[in-house]
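Visitor: Note that the protein sequences, when read in sequence, are chains H and L. The opening residue of the first sequence carries number 4 in our numbering; numbering runs sequentially from there. The opening residue of the second sequence carries number 51 in our numbering; numbering runs sequentially from there. Cβ atoms here follow ideal geometry from the backbone N, Cα and C, with glycine treated the same way. Source: prediction; values computed, not measured.
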Amino acid sequence: DQQVKQNSPSLSVQEGRISILNCDYTNSMFDYFLWYKKYPAEGPTFLISISSIKDKNEDGRFTVFLNKSAKHLSLHIVPSQPGDSAVYFCAATGGSQGNLIFGKGTKLSVKP
Amino acid sequence: ETGVTQSPTHLIKTRGQQVTLRCSSQSGHNTVSWYQQALGQGPQFIFQYYREEENGRGNFPPRFSGLQFPNYSSELNVNALELDDSALYLCASSLGRWNTEAFFGQGTRLTVV
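1) Please look up how many angstroms separate the CB atoms of Asn127 (chain L) and Thr70 (chain L), rounded, as I've assumed it's under 8 Å.
2) Tell me, to the nearest whole angstrom, how far the beta carbon of Ser75 (chain L) is from that of Ser143 (chain L); I am working on the premise that it is less than 8 Å.
3) Beta-carbon within less than 7 Å of Glu151 (chain L)'s beta-carbon, same chain only, minus the 5 sequence neighbours each way: which residues are those?
4) Quick one: grab the DSSP three-state call for Asp4 (chain H).
5) Hey, Val54 (chain L) and Gly155 (chain L): beta-carbon distance below 8 Å or not?
6) Tell me whether Leu133 (chain L) sits in a helix, a strand or coil according to DSSP, three-state version.
7) Would you call the CB atoms of His79 (chain H) and Ile21 (chain H) closer than 8 Å?
8) Hey, would you say Tyr99 (chain L) sits closer than 8 Å to Ser124 (chain L), going by beta carbons?
9) Between the Cα of Lys40 (chain H) and those of H:Ser99, H:Leu24 and H:Phe92, spot the shortest distance and give me the residue it belongs to.
10) Please list, in chain order, the chain L residues whose beta carbon lies closer than 9 Å to that of Lys107 (chain H).
11) Along chain H, in chain order, which residues have C-beta atoms closer than 9 Å to that of Glu151 (chain L)?
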């Protein structure tokens, strides 16, 4: 039973346009959400996070939106750059769990 | 400030053997978590150590065991290796028991043949 779902295995976007990566979760105890970026042969790199007391967090070109009622979050990258091409993982934590629960990832390709 | 480092980066073992993977946590971090990432999947939580005590465990059998040392570095041991144990093993360090900002190492790619 997947508690964190990324339903799009891949996404292709033109350079300069917006990339929107989506994530859904089922466990209402989750209260903190993170996005990681992963290049091949490297470990995941922390990108941005959001607490459940907020509905938006912004850091440069990256913005995460959280809709608690829909149990949905999204990562917006504006403008997208070819260097953003990577696998993006959504992760959640909360309740009695200190560990992260990850989605399966979305592979983003940004074309020049 | 040093990041999270893992060793070795790659490893090939035979079914039935035992393996030890190592992780040095980021300076100042007292919590280490281990994750297994199979091909095409997201990382799956194995267990977490906080101040040298196991602080949570995922759905992995007892042949997956670990240690955390006083300097907060950690080991993951896997006994009686199976072919399905082939995966990328990731170590993450954080400050405190809750991984609100966990930093990952580059991983150890384990292949069991």
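Guide: Walking through what the data contain:
1) Translated into the one-based positions of the second sequence, residue 127 (chain L) becomes position 77. Translated into the one-based positions of the second sequence, residue 70 (chain L) becomes position 20. Rounded, the Cβ-Cβ distance is 5 Å, consistent with contact.
2) Position 25 of the second sequence, counting from 1, holds the residue named residue 75 (chain L). Position 93 of the second sequence, counting from 1, holds the residue named residue 143 (chain L). Contact holds; Cβ gap of about 3 Å.
3) Locating residue 151 (chain L) in the second sequence gives position 101, where the first residue counts as 1. Around Glu151 (chain L): Ser144.
4) Within the first sequence, residue 4 (chain H) is the residue found at index 1, counting from 1. Looking at Asp4 (chain H) - three-state DSSP - the assignment turns out to be coil, as it is neither helix nor strand.
5) In the second sequence, counting from the first residue as 1, residue 54 (chain L) sits at position 4. In the second sequence, counting from the first residue as 1, residue 155 (chain L) sits at position 105. A contact, by the Cβ cut-off of 8 Å.
6) The residue given as residue 133 (chain L) occupies position 83 in the second sequence. Of the three classes helix, strand and coil, the one that applies to Leu133 (chain L) here is helix, per DSSP.
7) By one-based count along the first sequence, residue 79 (chain H) stands at place 76. By one-based count along the first sequence, residue 21 (chain H) stands at place 18. Taking 8 Å as the Cβ cut-off, His79 (chain H) and Ile21 (chain H) qualify as a contacting pair.
8) For the purposes of this step, residue 99 (chain L) is taken as the residue at position 49 of the second sequence. For the purposes of this step, residue 124 (chain L) is taken as the residue at position 74 of the second sequence. Yes, the pair counts as a contact, with Cβ atoms nearer than the cut-off.
9) The sequence position of residue 40 (chain H) within the first sequence is 37, counting from 1. The option with the nearest alpha carbon to Lys40 (chain H) is H:Phe92.
10) On the first sequence, position 104 is the one that residue 107 (chain H) refers to. Within 9 Å Cβ-Cβ: Gly90, Gln91 and Gly92.
11) Counting from one through the second sequence, the residue named residue 151 (chain L) turns up at place 101. Simply Leu37, Phe49 and Ser52.
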